[in-house]
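Per this note's numbering, the sequence shown starts with residue 11, numbered consecutively.
Quick reminder that beta carbons are idealized off the backbone N, C-alpha and C, glycines included.
First comes the structure, then the notes that go with it.
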Amino acid sequence: MARPITATIHTDALRHNLGAMRARAPGRRLMAMVKADGYGHGLETAARALREADAFGVAAIEDAARIRAAGLAQPILVLSGFDNPDDLDQLRALGAEAIVHHAAQLDLLERTDGAPIRVWLKVDTGMHRLGFAPDQVREAHARLRAARGVAGDIALMTHFASSDEFDAHTPNGLQTPAQMRAFVAATEGLDGPRSLANSAAVLGWPDAYGDWIRPGGALYGMSVVAGRSGASFGLRPAMTFETRLLAVNRVAKGERIGYSATWEAPEDMPVGVAAVGYGDGYPRLAPAGTPVLVNGRMATVAGRVSMDLMTIDLRGQSEARAGDPVVLWGDALPVETVAEAAGTISYALTCGITRRVRFVND
Ligand SMILES: *Cc1c(COP(=O)(O)O)cnc(C)c1O
Numbered sequence: 011m012a013r014p015i016t017a018t019i020h021t022d023a024l025r026h027n028l029g030a031m032r033a034r035a036p037g038r039r040l041m042a043m044v045k046a047d048g049y050g051h052g053l054e055t056a057a058r059a060l061r062e063a064d065a066f067g068v069a070a071i072e073d074a075a076r077i078r079a080a081g082l083a084q085p086i087l088v089l090s091g092f093d094n095p096d097d098l099d100q101l102r103a104l105g106a107e108a109i110v111h112h113a114a115q116l117d118l119l120e121r122t123d124g125a126p127i128r129v130w131l132k133v134d135t136g137m138h139r140l141g142f143a144p145d146q147v148r149e150a151h152a153r154l155r156a157a158r159g160v161a162g163d164i165a166l167m168t169h170f171a172s173s174d175e176f177d178a179h180t181p182n183g184l185q186t187p188a189q190m191r192a193f194v195a196a197t198e199g200l201d202g203p204r205s206l207a208n209s210a211a212v213l214g215w216p217d218a219y220g221d222w223i224r225p226g227g228a229l230y231g232m233s234v235v236a237g238r239s240g241a242s243f244g245l246r247p248a249m250t251f252e253t254r255l256l257a258v259n260r261v262a263k264g265e266r267i268g269y270s271a272t273w274e275a276p277e278d279m280p281v282g283v284a285a286v287g288y289g290d291g292y293p294r295l296a297p298a299g300t301p302v303l304v305n306g307r308m309a310t311v312a313g314r315v316s317m318d319l320m321t322i323d324l325r326g327q328s329e330a331r332a333g334d335p336v337v338l339w340g341d342a343l344p345v346e347t348v349a350e351a352a353g354t355i356s357y358a359l360t361c362g363i364t365r366r367v368r369f370v371n372d
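Set out below in structure tokens:
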């Protein structure tokens, strides 16, 4: 029997969410982040559905090549930039742009004799991952302006660490305004478009819109704001992750279910066995009590999630039968709810769907 697991990608939801993000930041340009295979939704599917975006953002040059092969001509920004002359040649051949975040990249752009490329100068305003420290920005900018490998305006960007906290009274609630001030100070007087805002900043920090917004998760309908699903911001989930029941068993009171016998039936009851497990990308750490939808009605995980299977408490659903549909996340069950139960974030779940799952577009 073929495994009945599908991830259905709702391309109309992707388009809706793009419009919703544009509506929040009118007049700004929008870079659609499609890294990590479009947050697990499929790079080509996501990029085609989001073709009205002004640009795409990807992690690596190979992803830029896939977008071009899909027939899309928009600007593409490669977040990791380049490490050697060969990378620069590939960027040129693809007509892609690159982030410059460390000094060795300035040397490469000064020495290259190939055609110039467009670059984005990344400022580290507090994330402390990639980027030039604020006091190095002016010198880096001057070197880029003079470098023969650089074409056109140099865009200026930074990335927020805590923009999902909108409230000054939460532990990191003051970090976003501090990063904004650091960015303004580091880039004051330099020409070039500005870009700061990821999805959460578009949702909660209008002062950070700049010239280019860079939403990712929100385009797929997801939110990383604590306690709020994407739907609560008017976004629509772009993925439904679904399987079927393989069996419904009667389990006697006191029997224990699954690995390590962690879950004990509190009464004589039906237990469903669904064809999905961590081998498909359902989180193993989703505890008993995590919601699933059986025939569109709420039920819960019982016992440990295993590699190919999981067991479901079907009390109250005595009519459920083998073959019935089980939604793991989607429209009526936000992926954020499952992520919170499993101690992770929605992005990690959609990115974690494995290759044996069949992807379908609707
Ligand atoms: C991933 C990423 C984004 C988008 O973040 P979301 O939370 O998905 O909106 C924006 N900018 C950079 C540099 C990123 O790496």
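Checklist entry - When DSSP builds the beta bridges, which residues end up paired with ARG39? => result Here residue 39 refers to the residue found at position 29 when the sequence shown is read from its first residue. Note: ARG39 sits in a beta bridge opposite TRP222.
Checklist entry - In or out: SER205 buried (at least 16 other Cβ within 10 Å) or exposed? => result For this step, residue 205 is matched to residue 195 along the sequence shown. So SER205 ends up on the buried side.
Next on the checklist: Output needed for GLY291: all residues of its chain with C-beta closer than 6 angstroms, excluding positions within five of it in sequence on either side, in chain order.
Outcome noted: Translated into the one-based positions of the sequence shown, residue 291 becomes position 281. Only GLY362, ILE363, THR364 meet the Cβ criterion.
Checklist entry - In chain order, which continuous runs of the beta strand (DSSP E) of length 3 or greater are located wholly inside the region 87-163? => result For the beta strand (DSSP E) assignment, the uninterrupted runs of no fewer than 3 residues enclosed by the region 87-163 are, from N- to C-terminal side, 107-110, 129-132.
Next on the checklist: Any heavy atom of ligand 1 closer than 6 angstroms to the beta-carbon of ASN4?
Outcome noted: The shown model of the chain, from 11 to 372, leaves out residue 4, and the question about it has no answer.
Checklist entry - At which residue ranges does the region 275-332 contain complete beta strand (DSSP E) runs of 3 or more residues, listed in the order of the chain? => result You should have 279-284, 301-304, 307-312, 320-323.
Item to check | Terminal residues of the alpha helix (DSSP H) in which ASN259 lies | outcome: Residue 259 sits at position 249 when you count from the first residue of the sequence shown. From DSSP, ASN259 is part of no alpha helix (DSSP H) but of the beta strand (DSSP E) over 249-261.
Checklist entry - CB-CB under 7 angstroms to LEU383, same chain, minus the five flanking residues each way: which ones, in chain order? => result Any answer about residue 383 is impossible in this case: the structure gives the chain only from 11 up to 372.
Checklist entry - In chain order, what residues of the same chain have a beta carbon less than 6 angstroms from the beta carbon of LEU319, not counting five sequence neighbours either side? => result Within the sequence shown, the letter at position 309 stands for residue 319. Contacts found: VAL283, GLY287.
Checklist entry - Which of helix, strand or coil does DSSP assign to GLY340? => result On the sequence shown, residue 340 is found 330 positions in, with the first residue counted as 1. The DSSP-derived three-state label of GLY340 is strand.
Item to check | Whole-angstrom C-beta distance between VAL345 and LEU359, which should lie under 8 angstroms | outcome: By one-based count along the sequence shown, residue 359 stands at place 349. By one-based count along the sequence shown, residue 345 stands at place 335. Yes, they are in contact, since the Cβ atoms of LEU359 and VAL345 sit about 5 angstroms apart, within 8 angstroms.
Next on the checklist: Please return the same chain residues whose Cβ sits closer than 8 angstroms to the Cβ of THR354, not counting the five positions on each side in sequence.
Outcome noted: Position 344 of the sequence shown holds residue 354. Cβ contact annotation for THR354 (same chain, cutoff 8 angstroms, sequence separation greater than five): PRO293, LEU295, in chain order.
Item to check | Top-ranked residue by Cα proximity to ALA165, from GLY227, ASN182, ILE127, SER172 | outcome: Against the sequence shown, residue 165 aligns to sequence position 155. Ranking GLY227, ASN182, ILE127, SER172 by Cα distance to ALA165 puts ILE127 first.
Checklist entry - Between which two residues does the alpha helix (DSSP H) containing ARG78 stretch? => result In the sequence shown, the residue the question calls residue 78 occupies position 68. Counting along the chain, ARG78 sits inside the alpha helix (DSSP H) bounded by residues 71-79.
Checklist entry - CB PRO144 to CB ALA192, shorter than 7 angstroms? => result Taking the sequence shown and counting its residues from 1, the one referred to as residue 144 is at position 134. Taking the sequence shown and counting its residues from 1, the one referred to as residue 192 is at position 182. Yes. Within cutoff.
Checklist entry - Quick one, are the C-beta atoms of SER328 and PRO280 less than 7 angstroms apart? => result What you label residue 328 is simply residue 318 of the sequence shown in a count that begins at 1. What you label residue 280 is simply residue 270 of the sequence shown in a count that begins at 1. Yes, the pair counts as a contact, with Cβ atoms nearer than the cut-off.
Checklist entry - What did DSSP end up calling GLY227 once you bin it into helix, strand or coil? => result Here residue 227 refers to the residue found at position 217 when the sequence shown is read from its first residue. In the three-state reduction of the DSSP assignment, GLY227 falls in the helix class, which pools H, G and I.
Next on the checklist: If contact is defined by three or more beta carbon pairs under 8 angstroms, each pair taking one atom from either stretch, is the region 260-279 in contact with the region 234-248?
Outcome noted: In the pairwise beta carbon analysis, the region 234-248 is classified as not touching the region 260-279: fewer than three pairs are separated by under 8 angstroms.
Checklist entry - Just to confirm, does GLY29 get its C-beta within under 6 angstroms of one of the non-hydrogen atoms of ligand 1? => result Position 19 of the sequence shown, counting from 1, holds the residue named residue 29. Taking non-hydrogen atoms of ligand 1 into account, the C-beta of GLY29 is found less than 6 angstroms away from none of them.
Checklist entry - Alpha carbon to alpha carbon, what distance is there between TRP339 and ALA351? => result In the sequence shown, the residue the question calls residue 351 occupies position 341. In the sequence shown, the residue the question calls residue 339 occupies position 329. Cα to Cα, ALA351 sits roughly 12 angstroms from TRP339.
Next on the checklist: Please list the terminal residues of the continuous beta strand (DSSP E) segment that includes VAL68.
Outcome noted: Working through the sequence shown from its first residue, we reach residue 68 at position 58. Run containing VAL68: 65-68, per the beta strand (DSSP E) assignment.
Checklist entry - From TRP273 to MET308, what distance separates their C-alpha atoms? => result Here residue 273 refers to the residue found at position 263 when the sequence shown is read from its first residue. Here residue 308 refers to the residue found at position 298 when the sequence shown is read from its first residue. Approximately 19 angstroms between the Cα atoms of the pair.
Checklist entry - Do you know how far the Cα of ASP97 is from the Cα of ILE71? => result Taking the sequence shown and counting its residues from 1, the one referred to as residue 71 is at position 61. Taking the sequence shown and counting its residues from 1, the one referred to as residue 97 is at position 87. Cα to Cα, the separation comes out at about 8 angstroms.
Item to check | Nearest-angstrom beta carbon gap, PHE369 and ALA17 [assumed within contact, 8 angstroms] | outcome: As a working note, residue 17 is residue 7 in the sequence shown. As a working note, residue 369 is residue 359 in the sequence shown. Right, the Cβ-Cβ distance comes to about 5 angstroms (below 8 angstroms), so this counts as a contact.
Next on the checklist: Could you compute how far the alpha carbon of LEU53 sits from the alpha carbon of ALA33?
Outcome noted: For the purposes of this step, residue 53 is taken as residue 43 along the sequence shown, with counting starting at 1. For the purposes of this step, residue 33 is taken as residue 23 along the sequence shown, with counting starting at 1. Approximately 24 angstroms, taken between the alpha carbons.
Item to check | Endpoints, beta strand (DSSP E) assigned at PHE193 | outcome: On the sequence shown, residue 193 is found 183 positions in, with the first residue counted as 1. Careful: PHE193 lies outside any beta strand (DSSP E), inside the alpha helix (DSSP H) at 185-197.
Checklist entry - Is HIS20 buried or exposed, if buried means 16 or more other CB atoms sit within 10 Å of its CB? => result By one-based count along the sequence shown, residue 20 stands at place 10. Classification for HIS20: buried.
Item to check | Cβ separation of GLY207 and ARG224, assumed to be a contact under 8 angstroms, to the nearest whole Å | outcome: Position 197 of the sequence shown holds residue 207. Position 214 of the sequence shown holds residue 224. Checking the sequence, you will find Ala at residue 207 rather than Gly. About 6 angstroms; that satisfies the 8 angstroms criterion.
Checklist entry - Can you give the Cα-Cα distance for ALA113 and ALA69, rounded to whole angstroms? => result Within the sequence shown, numbered from 1, the residue matching residue 113 stands at position 103. Within the sequence shown, numbered from 1, the residue matching residue 69 stands at position 59. Here the C-alpha atom of ALA113 lies approximately 19 angstroms from the C-alpha atom of ALA69.
Checklist entry - For MET167, which of helix, strand or coil comes out of DSSP? => result Walking along the sequence shown from the start, residue 167 turns up at place 157. In the structure shown, MET167 sits in a strand (DSSP, three-state: E or B).
Item to check | Euclidean distance between Cα positions of MET137 and GLY50 | outcome: Residue numbering aside, residue 137 sits at position 127 when the sequence shown is read from its first letter. Residue numbering aside, residue 50 sits at position 40 when the sequence shown is read from its first letter. In a straight line, the C-alpha of MET137 is about 24 angstroms away from that of GLY50.
Checklist entry - Do ALA35 and TYR219 have their CB atoms nearer than 7 angstroms? => result Here residue 35 refers to the residue found at position 25 of the sequence shown. Here residue 219 refers to the residue found at position 209 of the sequence shown. For ALA35 and TYR219, yes; Cβs fall inside 7 angstroms.
Next on the checklist: Taking 6 angstroms as the cut-off, is the C-beta of MET43 nearer than that to any heavy atom in ligand 1?
Outcome noted: Along the sequence shown, read from residue 1 onward, the residue named residue 43 stands at position 33. In this structure, ligand 1 has a non-hydrogen atom nearer than 6 angstroms to the beta-carbon of MET43.
Item to check | Any non-hydrogen atom of ligand 1 within 6 angstroms of ARG224 CB | outcome: Position 214 of the sequence shown, counted from the first residue, corresponds to residue 224. Correct: ARG224 has its Cβ closer than 6 angstroms to ligand 1.
Next on the checklist: Less than 6 angstroms separating the Cβ of GLY50 from some heavy atom of ligand 1?
Outcome noted: The residue you call residue 50 lines up with position 40 of the sequence shown. Checking the Cβ of GLY50 against ligand 1 gives no.
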